[in-house]
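In my numbering, the protein residues as written are 35 to 323. The beta carbon of each residue, even a glycine, is placed where N, CA and C say it ideally should be. I have placed the structure first, in the form of structure tokens, so that the comments after it can refer back to it.
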Ligand code: NAD
């Protein structure tokens, strides 16, 4: 396939490299990044003119909307705009409407798996859009990832992503505060892990990404909380969940508390640039007030 790729940062760079290595013709554009070995265009419109599929991997919904307004008029009729960024549901739906009005197809497919998944081609995609649009880009999901789930119409990929990450933020906080309560009750961390990881308190945060150093599987906690999945990105996703909850009139009190705690951790404490599981150190360093 001929692919235009806009946004070649930490995630987009390796995703584009994998598509190119699989034999697709990739033309990239980024306002800053200039990855080695990839054909680059001088403008976004130049990167998409010949493309069957245009992939965007951008920081947020406002940038996505601006880039979509620029590239849609330059794309071939019936080409697909596949957005893999994590953005608000409303922007995803607005961009899909813009695409359809321009005679294009749109799929929103945010990813899980981080930079490691992007590099190794093992991302999970959660996709929104028509059956037909999803089918058209499925071969690309197979190259860049290990799994793609079609979640329904446009915006539903973003909805799945922020619901998943809201659960993740909440369970990570619950796991961290429980470890600190256990510490203060004199319960050994290994014993705590052995019980909880095989009891009803288990979760991905405990079992696969244990926030306590030296306990459970290898995780960023064992590497001085070097991300991994940065607390800043968790905060971004939690804020998106709260924007969506307000717009949809959904009551999400746990998501709200998790957002407030990650906001404090990143903006007022020492969370910026650290893995999101470093929340454990925050609870360790304080008492009840
Ligand atoms: P990044 O900041 O490394 O990359 C974004 C790129 O977009 C940058 O290279 C930037 O120069 C480029 N860009 C910004 N505005 C542009 C424009 N107008 N035109 C062209 N290029 C432009 O970010 P990232 O870590 O690659 O994340 C990209 C997206 O993936 C985000 O939405 C993020 O939330 C999501 N995501 C990231 C991770 C992760 O672990 N990094 C995991 C899952 C999802």
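Original post:
In terms of residue numbering, what span does the beta strand (DSSP E) encompassing residue 61 cover?
Top reply: Here residue 61 refers to the residue found at position 27 of the chain shown. Residue range 59 to 63 is occupied by the beta strand (DSSP E) that includes residue 61.
Original post:
Are the beta-carbon atoms belonging to residue 195 and residue 144 less than 7 Å from one another?
Top reply: Within the chain shown, numbered from 1, the residue matching residue 195 stands at position 161. Within the chain shown, numbered from 1, the residue matching residue 144 stands at position 110. With respect to the 7 Å criterion, residue 195 and residue 144 are classified as neighbours on the basis of their beta carbons.
Original post:
Does ligand 1 have even one heavy atom less than 6 Å from the beta-carbon of residue 69?
Top reply: Counting from 1 along the chain shown, the entry for residue 69 is found at position 35. For residue 69, the shortest C-beta to heavy atom distance toward ligand 1 is 6 Å or greater.
Subject >> Straight-line gap, residue 130 to residue 227 (C-alpha atoms, nearest Å) >> reply: Counted from its first residue, the chain shown places residue 130 at position 96. Counted from its first residue, the chain shown places residue 227 at position 193. Answer to the nearest angstrom: the Cα atoms are 44 Å apart.
Subject >> heavy atom of ligand 1 below 6 Å from residue 66 C-beta >> reply: By 1-based counting over the chain shown, the position of residue 66 is 32. Yes; taking the cut-off as 6 Å, the Cβ of residue 66 has a heavy atom of ligand 1 nearer than that.
Original post:
For the 8 Å Cβ check, are there 3 or more pairs between the stretch 169 to 179 and the stretch 255 to 265?
Top reply: Result no; under three Cβ-Cβ pairs closer than 8 Å.
Subject >> Segment limits, beta strand (DSSP E) that includes residue 181 >> reply: Translated into positions along the chain shown, residue 181 becomes position 147. Per DSSP, residue 181 belongs to the beta strand (DSSP E) from 179 to 184.
**OP:** Grab me the residues of residue 36's own chain with a C-beta within less than 7 Å of its C-beta, minus the 5 sequence neighbours each way, in chain order.
**Re:** Taking the chain shown and counting its residues from 1, one reaches residue 36 at position 2. Excluding positions up to five away in sequence, the list reads 59, 84, 85 and 86.
Original post:
Any chance the CB of residue 74 is under 6 Å from a heavy atom of ligand 1?
Top reply: Taking the chain shown and counting its residues from 1, the one referred to as residue 74 is at position 40. No, the beta carbon of residue 74 sits no closer than 6 Å to any heavy atom of ligand 1.
Subject >> Contacts around residue 104, its chain only, beta-carbon distance under 7 Å, and the 5 residues preceding and following it disregarded >> reply: To locate residue 104, count along the chain shown from 1; it is residue 70. So the qualifying residues of the chain are 78 and 79.
**OP:** Classify residue 73 as helix, strand or coil using the three-state DSSP reduction.
**Re:** Locating residue 73 in the chain shown gives position 39, counting from the first residue. Under the three-state reduction of DSSP output, residue 73 falls in the strand class.
Original post:
So, helix, strand or coil for residue 146, using DSSP?
Top reply: Stepping through the chain shown from its first residue, residue 146 is reached at position 112. Strand.
Original post:
Among the residues of its own chain, which have a CB less than 7 Å from the CB of residue 249, if the five just before and after it don't count?
Top reply: Locating residue 249 in the chain shown gives position 215, counting from the first residue. Excluding sequence positions up to five before and after residue 249, its CB lies within less than 7 Å of the CB of 223, 224 and 227, all in the same chain and listed in chain order.
**OP:** State buried or exposed for residue 66, treating a residue as buried only when at least 16 other CB atoms are found within 10 Å of its CB.
**Re:** Residue mapping note: residue 66 aligns to position 32 of the chain shown, counting from 1. Taking all protein chains in view, the Cβ of residue 66 is surrounded by fewer than 16 other Cβ atoms within 10 Å, so the residue is classified as exposed.
Original post:
Is it a yes or a no for the stretch 269 to 279 touching the stretch 207 to 215, going by three-plus beta-carbon pairs under 8 Å?
Top reply: Contact between the stretch 269 to 279 and the stretch 207 to 215 is absent, because fewer than three Cβ pairs lie under 8 Å.
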